[in-house]
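Asker: Chains as they are written, first to last, in the working numbering: chain F, 1 to 289; chain L, 1001 to 1327; chain U, 2001 to 2239.
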């Protein structure tokens, strides 16, 4: 029983990282209707930045959480204004391919710059754990989990309580009606894109502190984040985080009970099942488009 | 869409075809890089057309073509290893095509019946990934993550590969052409424009979607087959690589989706660009490829075929309009 | 003296299909102007052109004397034109209050937000009781009220309403037309597209009749109501 709880806890902690990236994907999809497949690559970029800041300056990697947010908000805005806003009118396939091209470019630039060797951030407290009853909780993963929840809460607050957040929700529901009220589709998309990238950044810092990574790790992570969105439902911030945690738990349980290779098949299988039988996800509201 | 410029096709197409047919005799096909390049490009053409049929004509953008490619490769590899078929065996290639088509029908029925648009794309993506995992775990049947090794001693010459690939590309083109001219083609257009209206008018929408999906899969499967024959060693991360899903999409969009010539042009251009990058900038060619894709999407998102048609050009040249003139 | 809003010789296409042929009309300050006509007459298209959702391929749309042909739809609210589209365009997953808040989105409307909200609750008391309800759960009449209220939150100079009476019970329709007149008395210029011809003409200062994309008749609301030709063609009455 203790073993099972341990697996559960591990899954929840790990899954919160998927959740953060998934919220970003869900926001971007909600307003721009595109699958931003480069989300994982952005995450890895943040992981590298964290790694280098720590390696070169010994600044605590958790400090990077604060640093990364404005940087990635800015990067997100630049990418939107410079790339995605120009392709938006051409349709979804070109936007998807643009994201794909960006992913390839980033992955390989990072590989060129920093080699394809796996990196990890090891600090004095990396191995530390807390014991809660019979369960071991890694310190870094616990912190990451809390930060993920905090990020979720911030985004949720933004969407519910601020005027621009409501504008984003409105535009996700009916972009034409929102425009008639004076809400610029361009601004809304830019904002959600920036937030989405910033969330990828947070997930990246989280990855760097808890897990070894390499330039090509991002793609699989993008897929997992997509699965998390499918579980939780598009358009729901809490749903995306829930989806991420659910996926983390599924992976954790599968990896423990079945041989590692099949664990992925379970995740993808669950993904297909959700798409077919509950495409709006557990918390989402729009049905299959 | 005023397509077939018959004069251009006759005056340009047939001589070109004739040239392509004799080309391997003009050069040393073992040494010539161009023969290899064309072989690969013919495969791309066929796969791009397969995607074009599903996405451009039937209106369902699939991100799962790599599933059919991989299955096709494995069907041939497994059958050859078990000595049911031989080297470059047409039966093998047909089996691969059929295997892929059957998979498309089996998976297509639930996916196409229930999912639209982005959800369908995601579903096909998931399918491809599941298959990759399944084949990685397949044990001795599929050779696991290492894959299957095939007897490379069977290799004699590059020429047969060239001609087989060319034949596949031509047959794909022919089949598409005939399909689109028939009532099936009309049904596709109706479905693409307004699915509900088409259904309300008595078109059995699901049947046509599955038809497009499985025909596209068939040719993609055959491409997987010839690829297996070429590489002599296939493994899951290679033949189920997402590149095989995204490159046909890229080539079709670059050339012009929903046109017959578009995927052909797109495949040639894209293939040339990648090979040149590979040759001249070998270390950084993926970087170059990524940058190229970005540039194409920025400046030619409607494809090369759209150059010259009025008004429908790069959105950079137009004011940003999420509201088009057509309602 | 300039017209507040002027549509001048516009042709409008949807793709290759022409929807409006050489239509001109104008709206003056504090008027109630109606566009009437059968389905497909092009009335909604003209509203879409004024709020810049579609662009005329020929001709001009002028607001306060300046051409707005090349303005983007999201800029139109800031100029002072509020468009309540057919079908209302409410954000049904959001609450009544949130919809109203978004109505006050344009920067120039934000300082007087509280005041506008009070005014809106005055005009539509039923909304006051439902502020935290999801807009999608309101009745048809309440939704139409909310849509108009939301448009009013932007402090519009011109309020454009597309088929506000569609699908509503006569008693609600009566109430709505009264509210439109109230708004007009407070200084809001109203451009109204309607199929409910009789009521519309009773309150309109001026009306334009459209038929398959072309201007057929125009005149003062009361005159048209007495015009026998008009009455026969559009009201099915004799003499």
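Note that the Cβ used here is the ideal one computed from N, Cα and C, for glycine as well.
Short of 7 Å in beta carbon distance, which residues of its chain neighbour residue 1250/L, apart from the five on each side in sequence? Order them along the chain.
Answerer: As a working note, residue 1250/L is residue 250 in the second chain. 1270 and 1293.
Asker: Terminal residues of the continuous beta strand (DSSP E) containing residue 1032/L?
Answerer: Locating residue 1032/L in the second chain gives position 32, counting from the first residue. Premise fails: residue 1032/L is in no beta strand (DSSP E) and is neither H nor E.
Asker: Which residue's Cα is closest to the Cα of residue 96/F: 1279/L, 1282/L, 1278/L and 1246/L?
Answerer: As a working mapping, residue 96/F is identified with position 96 in the first chain. If we check each option's Cα against that of residue 96/F, 1246/L comes out closest.
Asker: Residues of the stretch 226-253 of chain F with a CB closer than 7 Å to any CB of chain U: list them in chain order, please.
Answerer: Listed by position, the residues of the stretch 226-253 of chain F near chain U (Cβ gap below 7 Å) amount to none.
Asker: Taking the C-alpha atoms as reference points, what is the distance between residue 2195/U and residue 1215/L?
Answerer: Within the third chain, the letter at position 195 stands for residue 2195/U. Within the second chain, the letter at position 215 stands for residue 1215/L. Cα-Cα distance, rounded: 50 Å.
Asker: Hey, residue 140/F and residue 237/F: beta-carbon distance below 8 Å or not?
Answerer: Indexing the first chain from 1 puts residue 140/F at position 140. Indexing the first chain from 1 puts residue 237/F at position 237. Taking 8 Å as the Cβ cut-off, residue 140/F and residue 237/F do not qualify as a contacting pair.
Asker: Residues in the stretch 24-46 of chain F with C-beta within 8 Å of chain L's C-beta atoms, listed in sequence order?
Answerer: Of all residues in the stretch 24-46 of chain F, 29, 33 and 35 have a Cβ within less than 8 Å of some Cβ in chain L.
Asker: In or out: residue 2229/U buried (at least 16 other Cβ within 10 Å) or exposed?
Answerer: As a first step, residue 2229/U is located in the third chain; it is residue number 229 there, counting from the start. Answer is exposed; the Cβ neighbour count stays below 16.
Asker: At a CB distance below 7 Å, what residues from the stretch 2090-2102 of chain U approach chain F? Give them in sequence order.
Answerer: Residues passing the 7 Å Cβ filter: 2091, 2093, 2094, 2098, 2101 and 2102.
Asker: Take residue 250/F and list the residues in its own chain whose beta-carbon comes closer than 8 Å to its own, dropping the five residues that flank it on each side.
Answerer: Within the first chain, residue 250/F is the residue found at index 250, counting from 1. Correct list, in chain order: 11, 266, 267 and 270.
Asker: Just to confirm, is the Cβ distance from residue 2089/U to residue 2154/U under 8 Å?
Answerer: Within the third chain, the letter at position 89 stands for residue 2089/U. Within the third chain, the letter at position 154 stands for residue 2154/U. Not a contact, by the Cβ cut-off of 8 Å.
Asker: Using 8 Å as the limit for Cβ to Cβ distance, is residue 1326/L near chain F?
Answerer: Taking the second chain and counting its residues from 1, the one referred to as residue 1326/L is at position 326. Note that residue 1326/L has pLDDT 32, beneath the 50 cutoff, so the model's placement of it is unreliable and the number below is only indicative. Output row for residue 1326/L: interface = no.
Asker: Cutting at 8 Å between CB atoms, please list the residues of its own chain near residue 1304/L, excluding the five before and the five after it.
Answerer: Here residue 1304/L is taken as the residue at index 304 of the second chain, counted from 1. Closer than 8 Å at the Cβ level, and outside the excluded window around residue 1304/L, lie 1254, 1255, 1256, 1262, 1265, 1266 and 1269.
Asker: By DSSP, does residue 1149/L sit in helix, in strand, or in coil?
Answerer: If you number the second chain from 1, residue 1149/L lands on position 149. Correct three-state label for residue 1149/L: strand.
Asker: Can you grab the Cα-Cα spacing for the pair residue 201/F / residue 2188/U, in whole Å?
Answerer: Within the first chain, numbered from 1, the residue matching residue 201/F stands at position 201. Within the third chain, numbered from 1, the residue matching residue 2188/U stands at position 188. Going from the Cα of residue 201/F to the Cα of residue 2188/U covers about 48 Å.
Asker: If the cut is a Cβ gap below 9 Å, which residues of chain F does residue 2077/U touch?
Answerer: By 1-based counting over the third chain, the position of residue 2077/U is 77. Correct list: 179, 180, 181, 182 and 183.
Asker: In chain U, which residues lie less than 8 Å from residue 167/F when you measure between Cβ atoms?
Answerer: For the purposes of this step, residue 167/F is identified with residue 167 of the first chain, where counting begins at 1. Per Cβ cutoff of 8 Å: 2102 and 2105.
Asker: Helix, strand or coil for residue 2181/U? Go by DSSP, reduced to three states.
Answerer: Counting from 1 along the third chain, the entry for residue 2181/U is found at position 181. Residue 2181/U falls in the helix class under three-state DSSP.
Asker: Taking 8 Å as the threshold, find out whether the stretch 93-113 of chain F comes into contact with the stretch 1280-1287 of chain L through three or more Cβ pairs.
Answerer: With a cut-off of 8 Å, the stretch 1280-1287 of chain L and the stretch 93-113 of chain F count as touching, because enough Cβ pairs lie within range.
Asker: With a threshold of 8 Å between beta-carbons, can residue 1256/L be considered close to chain F, or not?
Answerer: Taking the first residue of the second chain as position 1, residue 1256/L is located at position 256. Residue 1256/L does not count as touching chain F.
Asker: Check the Cβ-Cβ distances between residue 224/F and every residue of chain U, and say whether any is below 8 Å.
Answerer: Numbered from 1 along the first chain, position 224 holds the residue referred to as residue 224/F. Chain U contact via Cβ: absent.
Asker: Mapping the DSSP letters down to three states, classify residue 1075/L as helix, strand or coil.
Answerer: One-based indexing of the second chain puts residue 1075/L at position 75. Three-state result, residue 1075/L: helix.
Asker: Strictly under 8 Å for the Cβ-Cβ distance: is residue 262/F near chain L by that measure?
Answerer: Residue 262/F sits at position 262 when you count from the first residue of the first chain. It does: the Cβ of residue 262/F has a partner Cβ on chain L nearer than 8 Å.
Asker: Starting from residue 2082/U, follow the beta strand (DSSP E) in both directions and report where the run begins and ends.
Answerer: Position 82 of the third chain, counted from the start, is the residue given in the question as residue 2082/U. 2081-2084 is the span of the beta strand (DSSP E), which, as asked, contains residue 2082/U.
Asker: Please say whether residue 1093/L and residue 1191/L have beta carbons closer to each other than 8 Å?
Answerer: Counting from 1 along the second chain, the entry for residue 1191/L is found at position 191. Counting from 1 along the second chain, the entry for residue 1093/L is found at position 93. Not a contact, by the Cβ cut-off of 8 Å.
Asker: Could you check where the beta strand (DSSP E) with residue 2011/U kicks off and where it finishes?
Answerer: The residue given as residue 2011/U occupies position 11 in the third chain. Start and end: 2005-2014.
Asker: With three or more C-beta pairs closer than 8 Å as the rule, is the stretch 250-259 of chain F touching the stretch 23-39 of chain F?
Answerer: At 8 Å Cβ cutoff, the stretches do not touch.
Asker: Would residue 178/F be called buried (16 or more neighbouring beta carbons within 10 Å of its own) or exposed?
Answerer: Within the first chain, the letter at position 178 stands for residue 178/F. Residue 178/F comes out buried.
Asker: Drop a sphere of 10 angstroms on the beta-carbon of residue 2036/U, count the other beta-carbons inside from all chains shown, and report buried for 16 or more, exposed for fewer.
Answerer: Against the third chain, residue 2036/U aligns to sequence position 36. Looking at its Cβ environment, which holds 16 or more other Cβ atoms inside 10 Å, residue 2036/U is buried.
Asker: Could you spell out the range, first to last residue, of the beta strand (DSSP E) harbouring residue 2206/U?
Answerer: What you label residue 2206/U is simply residue 206 of the third chain in a count that begins at 1. Counting along the chain, the beta strand (DSSP E) containing residue 2206/U begins and ends at 2206-2211.
Asker: Give the residues from the stretch 1054-1073 of chain L that approach chain F closer than 7 Å (Cβ to any Cβ), ordered along the chain.
Answerer: So the close ones are 1061.
Asker: So, residue 2121/U versus residue 2145/U, is the Cβ gap smaller than 8 Å?
Answerer: As a working mapping, residue 2121/U is identified with position 121 in the third chain. As a working mapping, residue 2145/U is identified with position 145 in the third chain. Cβ distance not < 8 Å, so residue 2121/U and residue 2145/U don't count as in contact.
Asker: Note the first and the last residue of the continuous beta strand (DSSP E) segment covering residue 2026/U.
Answerer: The sequence position of residue 2026/U within the third chain is 26, counting from 1. Its beta strand (DSSP E) spans residues 2017-2027.
Asker: What is the residue span of the alpha helix (DSSP H) that residue 158/F lies within?
Answerer: One-based indexing of the first chain puts residue 158/F at position 158. Where residue 158/F is concerned, the enclosing alpha helix (DSSP H) stretches over 139-161.
Asker: Between the stretch 1286-1310 of chain L and chain F, which residues of the former have a C-beta closer than 7 Å to a C-beta of the latter?
Answerer: Result list: 1286, 1287, 1289, 1290, 1291, 1293, 1294, 1297, 1298, 1301 and 1302.
Asker: Would the beta-carbon of residue 2052/U fall within 8 Å of that of residue 2071/U?
Answerer: Numbered from its first residue, the third chain carries residue 2052/U at position 52. Numbered from its first residue, the third chain carries residue 2071/U at position 71. Cβ distance < 8 Å, so residue 2052/U and residue 2071/U count as in contact.
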